[in-house]
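Working notes, structure below.
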Amino acid sequence: RLLHRAFERGIRYFDTAAGYGRSEELLGRAFSSRTSRPVIATKASIHCPEDESLLTGKLLARHLEDAVQNSLRSLGVQELDLLQIHAPARGDFISEDLLEITTSFAQRGLVRHWGASTYGEEQPLQVLNYPRTFRALQVAYNLLDRRLSRTIFPSCSRQGVGLVLRSILLKGVLSVRLDSLPDHLAPLHRAGLQARLLADELGISLPALALRFAAFQQQAQVVLVGTADLGELEADLTAFAAGPLPAEALVRIGEIAIED
1 RLLHRAFERG IRYFDTAAGY GRSEELLGRA FSSRTSRPVI ATKASIHCPE DESLLTGKLL
61 ARHLEDAVQN SLRSLGVQEL DLLQIHAPAR GDFISEDLLE ITTSFAQRGL VRHWGASTYG
121 EEQPLQVLNY PRTFRALQVA YNLLDRRLSR TIFPSCSRQG VGLVLRSILL KGVLSVRLDS
181 LPDHLAPLHR AGLQARLLAD ELGISLPALA LRFAAFQQQA QVVLVGTADL GELEADLTAF
241 AAGPLPAEAL VRIGEIAIED
């Protein structure tokens with residue numbers, strides 16, 4: 001019901017992964033039989049589950065073959081709209097083996113577009129060295145962590161790479177969980193309090209402030225919003241319908257700084 005309601009209300013992009021429990025299966029049940037379907041972006045890892053080392057050569061090819069075939073079955077489709085490489089938490093991950101394999105799957109008609117879901121700043125820069133291979137880039141971005149807007153956002157625009165934003169609530173910091181942060185995150189808590197004060201002045205919730213900040217970033221094509229029930233979905237859509245934040249609010253957000 002939640003997936004169908006979201007689609008009926010205009011949501012046309014769903015992000016999933018084989019590692020997200022039954023997520024792929026549920027999306028397949030919801031949309032595989034429909035003539036009008038959303039874009040479904042899924043993910044695949046490229047590391048060994050035993051020791052987290054990056055796979056190479058035939059092991060990598062076999063691993064991705066299994067991942068693609070499993071996702072095709074779960075989603076009930078013959079071609080994946082977008083398959084994102086789920087990058088490791090740190091370090092380089094693009095190899096000649098990986099580039100050759102992505103080309104092969106595209107030529108076989110199994111994956112329409114490839115992308116990457118990355119961490120930090122170095123990984124997105126690496127992905128942007130291969131704009132013909134990786135047509136979409138997913139990064140973490142929110143009103144407290146705006147670093148990538150200076151480098152990655154313009155590069156995506158110049159190279160025609162689709163930009164997908166995640167973690168717009170900063171893993172719950174920009175929500176009712178703000179006051180539950182541990183002591184060692186005190187600087188983050190203080191920054192969050194500044195954002196909440198601004199939200200109070202605007203007469204909106206802190207999550208609504210965070211959503212509207214991210215959703216109207218001109219250089220991003222997709223903003224991911226985690227939604228657990230129909231009430232949250234309607235609250236998110238209501239916040240989005242209110243439009244961009246006032247210019248003076250954006251100035252205030254720009255003054256909130258986090259050193260690390």
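Taking our numbering, the leading residue of the sequence shown gets 1, the next gets one more, and so forth. The C-beta atom is built at its ideal place from N, Cα and C for all residues, glycine as well.
Can you give the Cα-Cα distance for residue i and residue j, rounded to whole angstroms?
i	j	result
R166	A41	13 Å
L174	E201	16 Å
V139	C156	11 Å
L260	R212	Contrary to the premise, residue 260 reads as Asp rather than Leu in this sequence. The alpha-carbon atoms of D260 and R212 are separated by roughly 24 Å.
H184	R190	12 Å
A249	P207	15 Å
Q219	P154	7 Å
T103	D81	15 Å
R147	L198	21 Å
E121	G115	16 Å
P182	F105	45 Å
Could you check how far apart the C-beta atoms of residue i and residue j are, in whole angstroms? I think they sit under 8 Å.
i	j	result
P117	A87	A small fix is needed here, since residue 117 is Ser in this sequence, not Pro. Indeed they touch by this definition, with Cβ atoms about 6 Å apart.
V222	V127	Not a contact, Cβ separation roughly 16 Å.
I85	L60	Going by Cβ atoms, the distance from I85 to L60 rounds to 11 Å, so no, they are not a contact pair.
V161	V111	In fact, because the Cβ distance is near 16 Å, the residues do not count as touching under 8 Å.
A136	H113	6 Å
V225	I168	7 Å
R196	L170	Not confirmed; about 13 Å, so no contact.
Would you give the residue range spanned by the beta strand (DSSP E) that residue i belongs to?
i	result
F14	13–15
L54	It is not in any beta strand (DSSP E) - L54 carries neither H nor E in the DSSP assignment.
D81	80–86
L185	Note, L185: premise wrong, no beta strand (DSSP E); not H, not E.
H113	111–117
Using the Cβ count rule (16 or more neighbours within 10 Å means buried), how would you classify residue i?
i	result
N129	exposed
G203	exposed
P124	buried
I261	There is simply no residue 261 to check, as the chain begins at 1 and stops at 260 in what is shown.
A228	exposed
I258	exposed
Y141	buried
T16	buried
S180	exposed
S32	exposed
L64	buried
L230	exposed
List the endpoints of the continuous alpha helix (DSSP H) containing residue i.
i	result
D236	230–241
R29	23–31
A140	Where A140 is concerned, there is no enclosing alpha helix (DSSP H), although the beta strand (DSSP E) it sits in stretches over 134–140.
Does the stretch 26–35 come close enough to the stretch 66–79 to have 3 or more Cβ pairs within less than 8 Å?
Yes: the two stretches touch, three or more of their Cβ pairs being nearer than 8 Å.
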